[in-house]
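One structure is given below, encoded as structure tokens.
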Amino acid sequence: MLPRSTVTAPCKVLMIALLSGCGATEISAPQPVTLVNTAVVQAEALVRAAGESSGDSAARLLLEAAQIYFDEADYSGARELANRVQTPASLAAESQLAYALLQAELAKVSGDSAAAMRWLTGNLTQSMTEGSPNAPELYTMLGSLHEDNNNLADAINAYAMAARQINHPNTAQIVERLWARLQVLEAEELEQLADSADSYQLLGWIELGRVYRADEFNIRSQLDAIERWKQVWSNHTAAQILPADLASLQSLWDARPRSIALLLPLQQTAGIAIQEGFLSAYYEALAVSRETPIISIYDTSGLLDVEPVYQEAVAAGADLIIGPLNKDLVNQLNSGDRLPVPTLALNYSDSPQIMTGNLFQFGLAPEDEISQAAALAWNIGHRQAAIIAPDTFNYVRLRTAFANAWQNLGGNVVSNATYGDTNDYSDVVKRLIAIDSSEQRAADLLDLLPRTNLEFTPRRRQDIDFIFLVANPRQGRLIKPTLAFYYAGDIPVYALPSIFDGTIESAENRDLEGIWFTDAPWLLDSAPPLRQRTDAELRPVPGPLQRLRALGVDSFRLYPRLQQLANAQVPSIPGTTGVLSLSGNQRIYRELEVARFRNGKVELQALDISTSASQALNARSPTR
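Under my numbering, the first residue of the sequence shown is numbered 4, with each subsequent residue one higher.
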């Protein structure tokens with residue numbers, strides 16, 4: 004029998020004694036106070052009752068007591084009582100389940116996950132039914148173990164089984180856990196899970212995930228799709244307990260902006276491209292539902308003061324402002340009083356902090372691209388960087404940003420080279436990899452030696468793990484072959500999105516062979532339906548303008564979801580410019596996709612740049 008917990012504490016007891024003829028007050032000496040752990044007392048009572056019972060009844064009482072000790076973190080006491088259960092295989096079905104679950108819990112806290120898995124999947128659990136009281140806990144634990152083993156598909160299946168009991172007190176929590184894991188799966192992984200699914204619950208969850216993703220850019224469509232799903236899957240857990248982010252969609256839709264003012268410089272190609280993307284997304288939404296906002300467009304070309312136009316838009320009834328694009332105008336918005344309506348600026352102010360309320364900032368920040376290029380190279384295993392970049396003032400910031408990002412990760416920048424307006428990058432490359440020094444040493448040697456038939460092969464420096472290249476496609480197609488010519492073709496090259504002109508397959512891409520880069524899904528996915536329609540109805544445009552069109556698309560699609568991100572109802576939203584999330588200073592952050600030039604084609608790489616590089620770098624087709 005385990006001892007009760009006791010504690011001794013000072014206790015002053017005031018005793019007033021009435022004595023004949025006079026009154027006196029006596030203070031007793033400190034007395035020990037025993038604090039009774041009621042849970043342990045209950046467990047002890049159960050053990051005593053087990054001693055007076057036999058068979059399954061005794062086992063149930065012992066297991067109940069053992070569970071109490073486990074919940075009190077007295078694992079040795081729990082294990083002792085569990086081991087007193089004789090021949091668990093002969094117990095009633097529920098007692099077998101309770102025994103297996105307890106042993107699994109004990110194994111897990113001891114660090115033996117394999118033993119825990121064996122207990123949960125062994126003979127004692129084979130009689131478990133949907134209505135078994137212990138089923139939710141057992142399947143939840145099984146799911147957790149599968150997660151620990153990075154087996155997300157099996158984890159989701161286990162959580163689906165755990166969530167079958169709608170009235171169980173933990174079901175809502177299990178539903179949230181299941182849904183969060185389901186959203187992590189890529190489309191291909193979701194389809195693979197569907198192919199192997201053999202239960203009503205799991206198939207229902209998969210289908211709900213499908214309809215949610217199919218209409219992920221339109222809340223109205225999502226709501227309609229969820230209602231249709233409920234009609235088909237009326238007996239499913241999710242028909243009664245929706246995940247929280249799905250349940251909140253209706254209130255989110257009801258609170259959406261009804262009138263949007265778009266502020267853009269329409270006499271500039273950048274402003275025109277953003278407007279094209281914005282209106283393409285607008286008409287796409289209009290085709291689904293007439294419940295679209297009123298759009299008013301204001302030309303900010305040449306504008307020096309944003310305040311008059313901004314106030315005009317608000318006075319006209321706008322309850323959301325999108326824009327402006329010009330950085331100076333964004334700085335103005337971030338320096339005044341609290342803005343009267345939510346405002347999604349399409350650039351970033353110079354201040355890293357939001358100085359006024361209601362201001363969100365969203366743009367194609369090179370800093371996002373640079374940090375992800377650095378993370379990609381670091382995760383793959385590189386540590387020593389060399390940088391090639393233009394020598395103009397505008398690119399000093401990019402070179403510095405990369406160097407800082409790389410050094411913050413723990414890497415070293417061992418060489419730098421800049422280039423101007425040229426078609427010959429020989430000197431640039433030779434400086435970068437120290438071929439010029441090698442050639443100079445050879446020349447000095449020839450001057451010293453009398454023989455003139457000296458054979459010489461230049462030798463490049465050996466301390467460069469990779470090259471970070473800032474270049475456009477034309478420059479990259481000249482620089483990459485030059486690296487090969489000067490014995491550096493084996494050095495990995497990483498670049499910004501500017502290296503890619505938006506053409507998935509081209510003979511010209513062969514001169515960029517092997518270069519790694521990150522970019523927006525709008526450019527890397529070979530056939531986004533909206534991009535196809537936009538290019539067909541308007542005109543195809545090169546890579547830089549395609550990225551601005553994508554910015555316009557996302558700026559419209561974000562309009563009902565800003566508050567969803569701001570309130571942390573969802574961690575991120577898939578966009579055409581990347582996976583979008585909101586930082587603490589209300590800046591939209593874009594997580595890009597990873598790609599590589601291979602045999603004239605652009606291949607997406609199954610690599611999450613936010614995680615360890617131990618993941619496999621398997622190329623997948625750009626077609627989705």
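Glycine included, each C-beta is placed from N, C-alpha and C at the ideal position. These numbers come from a predicted model, not from an experiment.
Check whether the Cβ atoms of residue i and residue j lie closer than 9 Å to each other.
i: Gln270; j: Asp308; result: no
i: Asp557; j: Leu595; result: no
i: Met144; j: Leu205; result: no
i: Thr303; j: Pro268; result: yes
i: Gln168; j: Ala217; result: no
i: Thr240; j: Gly207; result: yes
i: Gln314; j: Ile300; result: no
i: Ala276; j: Gln549; result: yes
i: Val432; j: Thr485; result: yes
i: Leu105; j: Leu123; result: no
i: Met131; j: Ala96; result: yes
i: Gly366; j: Ala377; result: no
i: Tyr102; j: Val88; result: yes
i: Phe559; j: Ala288; result: yes
i: Pro260; j: Tyr489; result: no
Give the secondary structure of residue i by DSSP, where H, G and I count as helix, E and B as strand, and everything else as coil.
i: Tyr562; result: coil
i: Ala609; result: coil
i: Glu508; result: strand
i: Asn329; result: coil
i: Pro577; result: strand
i: Ile390; result: strand
i: Arg87; result: coil
i: Phe471; result: strand
i: Leu65; result: helix
i: Ile628; result: Since the first residue of the chain shown is 4 and the last is 627, residue 628 is not available in this structure.
i: Asn153; result: coil
i: Asn170; result: coil
i: Asn415; result: strand
i: Val544; result: coil
i: Asn426; result: coil
i: Ile177; result: helix
i: Glu189; result: coil
i: Glu442; result: At Glu442, the pLDDT of 47 sits below 50, so the modelled position is not reliable; the number obtained from the coordinates is stated separately. Correct three-state label for Glu442: helix.
i: Phe503; result: coil
i: Ser642; result: Residue 642 falls outside the range modelled here, since the chain spans only 4 to 627, and no answer is possible.
i: Pro531; result: coil
In angstroms with no decimal places, state the Cα-to-Cα distance between residue i and residue j.
i: Ser575; j: Arg213; result: 17 Å
i: Ala273; j: Val399; result: 23 Å
i: Ala42; j: Ser79; result: 16 Å
i: Pro531; j: Phe220; result: 13 Å
i: Ala491; j: Asp504; result: 24 Å
i: Ala197; j: Trp182; result: 15 Å
i: Gln225; j: Arg564; result: 13 Å
i: Leu610; j: Leu84; result: 48 Å
i: Asp115; j: Arg231; result: 45 Å
i: Ile494; j: Arg477; result: 20 Å
i: Ala388; j: Ile297; result: 50 Å
i: Asn329; j: Thr579; result: 22 Å
i: Ala242; j: Tyr497; result: 47 Å
i: Asp407; j: Leu100; result: Correcting the residue identity first, residue 407 is Asn in this sequence and not Asp. Cα to Cα, Asn407 sits roughly 56 Å from Leu100.
i: Ser509; j: Gly423; result: 27 Å
i: Asp151; j: Trp409; result: 31 Å
i: Glu370; j: Ala404; result: 7 Å
i: Val597; j: Gly603; result: 16 Å
i: Phe281; j: Thr506; result: 22 Å
i: Ser586; j: Ala368; result: 14 Å
i: Ala539; j: Leu533; result: 10 Å
i: Leu481; j: Arg552; result: 28 Å
i: Leu211; j: Ile229; result: 7 Å
i: Ser352; j: Leu141; result: 52 Å
i: Ala474; j: Thr421; result: 11 Å
i: Gly146; j: Asn154; result: 9 Å
i: Met4; j: Val187; result: Only weak support is given to the placement of Met4: the predicted model assigns it a pLDDT of 33, under 50, and the question is left unresolved by the model.
i: Gly134; j: Arg223; result: 36 Å
i: Ala428; j: Thr537; result: The sequence as given places Tyr at residue 428; Ala does not occur at that position. Distance between the alpha carbons of Tyr428 and Thr537 is about 38 Å.
Using DSSP's beta-bridge definition, name the partner residues of residue i.
i: Ala598; result: Phe520 and Leu607
i: Ala420; result: Ile391
i: Tyr592; result: Ser584
Beta strand (DSSP E) segments (min. 3 residues) lying fully within the region 283–371: 297–302, 323–325, 346–348 and 362–364
Those runs of the alpha helix (DSSP H) which lie wholly inside the region 198–285 and span at least 4 residues: 203–217, 222–235, 240–243, 247–250 and 252–257
Secondary structure, beta strand (DSSP E): runs of 3+ residues fully inside the region 89–136: none
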